[in-house]
Structure formats: C-alpha cells, structure tokens
Amino acid sequence: MISWDRGNDLFTPGQWLKHRVYERRCDLSPDGRYFIYFASNYAKEISTYSVISKPPFFTALAMWPKGDTWGGGGLFSHNGRTIYLNHGMTPECPKNMAREQACLPMSVKPLREYSGCGEDDPIRTYRMLRDGWTLAQKGSHSKMVGYREPYSFVKKRPTIFAKRPQNKGGPSRWSLQLSSKYTHERQGRWNVEEACITNLWGKAIWEIGRVDWCDLDHNGDILWAWAGKLWRMNYRRDPRAFKLAQPKLLGDFNHMVFEEMKAPEQARKW
8 MISWDRGNDL FTPGQWLKHR VYERRCDLSP DGRYFIYFAS NYAKEISTYS VISKPPFFTA
68 LAMWPKGDTW GGGGLFSHNG RTIYLNHGMT PECPKNMARE QACLPMSVKP LREYSGCGED
128 DPIRTYRMLR DGWTLAQKGS HSKMVGYREP YSFVKKRPTI FAKRPQNKGG PSRWSLQLSS
188 KYTHERQGRW NVEEACITNL WGKAIWEIGR VDWCDLDHNG DILWAWAGKL WRMNYRRDPR
248 AFKLAQPKLL GDFNHMVFEE MKAPEQARKW
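In my numbering, the protein residues as written are 8 to 277.
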C-alpha cells in the first residue's frame, strides 16, 4: 500500500500483503485516516476477510471473517462516522456487529438491502455514485464467447460511467467517461476498462485508453493508473485544449519488490 498526497503528489511506501486484495470492494475514509479492504488467502484458516486499517498499512484494527468471495469489503459514509459492511446478514451478524462496534470509533451497518450479494457489484457502483459519477449507460448482460477470442465475456452494450468536473466558473464542457465492454482478458486483466474525455454530446475528444483506475481530482485534474504507472492531466475548461494535452507521469512503481515491514505503534491503535 502506498500513501499519496494529492496536494504535492508525494508518495509514501507502506506495508505489503501477500494476499489477494479485491480493490473494487475497498474504500478510504473521507479524511484519509482509515482504509477498509477485502482480501483472501485460502492457505489460511480464515480464507477471506474484511479489515479496517490505517494507510499505508494493512495491519488490522478491526476484522470481519467471511469465508467466501461473495460480497466483502465495505464503504464509509460521507462523514466517515459509519461503515457499511458488505457482508451477508445472518441472524448472528447484528450481534457480531454490535460486539465489534463497542471498540470502534464509528458505527457499523449492513450495505443496503443487497449486503453481501454479488462480487465487485453492486458495491463498486454504490461507491462511484456516491463519489459523483453517473451511470450514463447501463450495460447489457455479458455473453460468454469461444476460447479463441481475446476476452471470455463480451457485452453487446457497454456499461458507461461519466463524471463532469465542477469548478468556480461552473460546470465544464466536457466529461470523463469510463466504459466497460469486456471481462476476463486472456493472459491479461479480469476487468477491462477504457477511459476518454467526451464533449457535452458524448463524443470522444481525447482518448486516454486502457486504465486500471481513473477519476477527477478536486481541482478538475484527470488522474489515472495503468500498468503500474500513475498519471495526471491538468484541468482544462475548453475541450479544444485537449489537442495539446501533455499528461504528466507522477510515479512508476514497477521497480518495487516485496519488503517485509512491521506496522508502527500508531498504526496498531485507533
């Protein structure tokens, strides 16, 4: 895990975790103090679990064992005082939540009526809508294709999310668009997404291409990650200015290798 100060684009390397982290079911508290994530390690007795930690460390302050990969993870409320846990609600869950909540500085509630359902969705969609994205187009169901194709699942109609920057001068005349048409790239990523800048009529005016993640910064800058690198594009109010766009590489993390690190004392307590 790496802490990123977006005010000056400085990075602080943190702790490694030799487990699978499901990044689409994670969330950061509004003040950046806490991180909730879902991870799996089927070599251990507790095979899957959700954890709250202090970035940039994975060491658990609170943990909810799960046992499978349906659901998992959680979301913070707008003020960070509530965690919406994405676990299925069995009769014992409210008791366990109440017991765990006794030592937490925030309350714990189930993630809406579909808590623990699905995999990356619906939790990822909930988070994107909360953070200012709109569902510009609901995708069709994925269809499985032959093994000779580059992707295992293809949608006839892609899922498209859009986000429009808000600045002092009012809404901009462009949007950041994130589309997903394919799933499970053979010898590649499970989630295949592409990003672009569109005008008010939805026409692409600047292609970002494949991304692992993208979003808008508070000042309207475009941020995205791809292949272990993180990029920034300065805000532009006029869509025509994208013709001269020069993205800035903020960091290349491909050189990093595992290093054992213990969490300091301040990361082990609330």
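All C-beta atoms in this analysis are idealised placements derived from N, C-alpha and C, irrespective of residue type, glycine included.
*From what residue to what residue does the beta strand (DSSP E) around Leu183 run?*
Here residue 183 is taken as the residue at index 176 of the sequence shown, counted from 1. It spans 181–192 - the beta strand (DSSP E) in which Leu183 sits, taken as one unbroken run.
_Touching by the beta-carbon criterion (3+ pairs, under 8 Å), the region 145–162 and the region 186–200_ = Counting C-beta pairs closer than 8 Å gives three or more between the region 145–162 and the region 186–200, which meets the contact rule.
_Spatially closest choice to Asp128 from Tyr29, Pro112, Arg193, Ile204, by CA coordinates_ = The residue given as residue 128 occupies position 121 in the sequence shown. Distances from the alpha-carbon of Asp128 to those of Tyr29, Pro112, Arg193, Ile204 put Tyr29 closest.
*With distances taken from CA atoms, which of Pro72, Thr89, Asn93, Phe64 is nearest Gly78?*
As a first step, residue 78 is located in the sequence shown; it is residue number 71 there, counting from the start. Of the candidates Pro72, Thr89, Asn93, Phe64, the one whose C-alpha sits nearest the C-alpha of Gly78 is Asn93.
*How many angstroms separate the CA atom of Gln253 from the CA atom of Asp228?*
The residue you call residue 253 lines up with position 246 of the sequence shown. The residue you call residue 228 lines up with position 221 of the sequence shown. Their Cα atoms are separated by approximately 12 Å.
*In angstroms with no decimal places, state the Cα-to-Cα distance between Asp34 and Phe42.*
Looking up residue 34 in the sequence shown gives position 27. Looking up residue 42 in the sequence shown gives position 35. The alpha-carbon of Asp34 is positioned some 6 Å away from that of Phe42.
*Excluding the 5 residues preceding and the 5 following Thr141 in the sequence, name in chain order all residues of the same chain whose CB lies nearer than 6 Å to its CB.*
On the sequence shown, position 134 is the one that residue 141 refers to. Ala169, listed in sequence order.
*Is the beta carbon of Ser47 less than 9 Å from the beta carbon of Ser54?*
Here residue 47 corresponds to residue number 40 of the sequence shown, with the count starting at 1. Here residue 54 corresponds to residue number 47 of the sequence shown, with the count starting at 1. Yes, these two residues count as a Cβ contact at 9 Å.
*Nearest to Asp4 by CA position, among Arg247, Trp233, Lys250, Asp224, is which residue?*
Residue 4 lies beyond the residue range present for the chain, which begins at 8 and ends at 277; the question has no answer from this structure.
*Roughly how many angstroms lie between the CA atoms of Glu126 and Thr76, to the nearest whole one?*
Here residue 126 is taken as the residue at index 119 of the sequence shown, counted from 1. Here residue 76 is taken as the residue at index 69 of the sequence shown, counted from 1. The straight-line gap from Cα to Cα measures roughly 7 Å.
*For the putative contact between Trp208 and Phe249, defined by C-beta atoms under 8 Å, what is the C-beta separation to the nearest angstrom?*
Position 201 of the sequence shown, counted from the start, is the residue given in the question as residue 208. Position 242 of the sequence shown, counted from the start, is the residue given in the question as residue 249. By a beta-carbon distance limit of 8 Å, Trp208 does not contact Phe249. Their separation comes to about 15 Å.
*asked:* Which residue marks the beginning of the beta strand (DSSP E) containing Thr66, and which one marks its end?
replied: Translated into positions along the sequence shown, residue 66 becomes position 59. DSSP places Thr66 outside any beta strand (DSSP E), giving it a letter other than H or E.
_Inter-residue Cα distance where the pair is Lys202 and Trp181_ = For the purposes of this step, residue 202 is identified with residue 195 of the sequence shown, where counting begins at 1. For the purposes of this step, residue 181 is identified with residue 174 of the sequence shown, where counting begins at 1. A quick correction: the sequence has Ala, not Lys, at residue 202. The alpha-carbon atoms of Ala202 and Trp181 are separated by roughly 13 Å.
*Check whether the Cβ atoms of Ser114 and Thr132 lie closer than 9 Å to each other.*
By one-based count along the sequence shown, residue 114 stands at place 107. By one-based count along the sequence shown, residue 132 stands at place 125. For Ser114 and Thr132, no; Cβs fall outside 9 Å.
*asked:* So, with DSSP's three-state summary, where would you put Thr132?
replied: Counting from 1 along the sequence shown, the entry for residue 132 is found at position 125. Per DSSP, reduced to three states, the secondary structure at Thr132 is helical.
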